[in-house]
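Read top to bottom, the protein sequences are chains P and Y. Following the numbering used here from start to finish, the first sequence increments by one per residue and tops out at 114. Following the numbering used here from start to finish, the second sequence increments by one per residue and tops out at 227. Even for Gly, the Cβ is constructed at its ideal location relative to N, Cα and C. Presented below is the structure to which this report refers.
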Amino acid sequence: DVKVTQSSRYLVKRTGEKVFLECVQDMDHENMFWYRQDPGLGLRLIYFSYDVKMKEKGDIPEGYSVSREKKERFSLILESASTNQTSMYLCASSSTGAIYNEQFFGPGTRLTVL
Amino acid sequence: AQKVTQAQTEISVVEKEDVTLDCVYETRDTTYYLFWYKQPPSGELVFLIRRNSFDEQNEISGRYSWNFQKSTSSFNFTITASQVVDSAVYFCALTPTGNQFYFGTGTSLTVIP
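Here's what the structure looks like:
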């Protein structure tokens, strides 16, 4: 069964902390994505990756960085968390060859920054 | 520019009613793909359907049906005889044969028993 897992369902951090959100997929997918979901704004792409050690900025990369050292793992890093980064974070993956292949999503991490 | 508009923010229907979720898209690409995803209260988005720009044939899958019309740039989703389990947020998305998906803001559907 296709699976994308995220390290935490709920996370509470303090302003200024460095935060790591981990995503792992077991489908041998080349493409991985990080979105944030906010009410009224839908899903907005933060970063994506087409290969190991490769990353591309999405629509809202400011305040975030990513790491992809292994094919199955894509990490989102908040260098210095701020209250406006309180949100639901969704990871997704898809197979390569056709970018229009559907994305498979993880359950999400609801991050609260105090 | 790519854009997906889901004008209906929230919809409530009584169980067994039919409901249509609207999706209007904008793109200058001639080749593109459209998607619908369902996000139940558990949070995980579930893929429902993919449509490419060259296939305007409507599709039916059980109680679900999709109406793709290029002339109006719409890809609407109808649930027939709605059930409580259909309560979720539904997202429409667009991708050209390029880098990323463009999601609408979602429609929250509540089916009242």
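Check: Which bits of chain Y does Pro-61 of chain P rub up against, with CB to CB less than 9 Å?; Outcome: What Pro-61 of chain P touches in chain Y: nothing, since even the nearest Cβ is about 12 Å away.
Check: Where DSSP assigns a beta bridge to Glu-173 of chain Y, which residues make up the other side?; Outcome: Y:Trp-180
Check: How about the segment 4–24 of chain P and the segment 72–91 of chain P: do they share at least three Cβ pairs that are nearer than 8 Å?; Outcome: yes
Check: In the DSSP assignment, what are the bridge partners of Val-133 of chain Y?; Outcome: Y:Ile-193
Check: In its own chain, which residues sit with a C-beta less than 6 Å from the C-beta of Glu-22 of chain P, not counting the 5 before and 5 after it?; Outcome: Ser-7, Ser-75
Check: With the cut-off set at 8 Å, would you say Gly-63 of chain P and Phe-48 of chain P are in Cβ contact?; Outcome: no
Check: Go ahead and label Ser-94 of chain P buried or exposed: buried means 16 or more other beta carbons lie within 10 angstroms of its beta carbon, across all protein chains shown.; Outcome: buried
Check: Rounded to whole angstroms, what's the CA-CA distance from Tyr-151 of chain Y to Val-198 of chain Y? Just pull it up for me.; Outcome: 17 Å
Check: Could you give the distance in angstroms between the alpha-carbon of Ala-121 of chain Y and the alpha-carbon of Thr-109 of chain P?; Outcome: 27 Å
Check: Would you verify that the beta carbon of Gln-214 of chain Y is, or is not, closer than 8 Å to some beta carbon of chain P?; Outcome: yes
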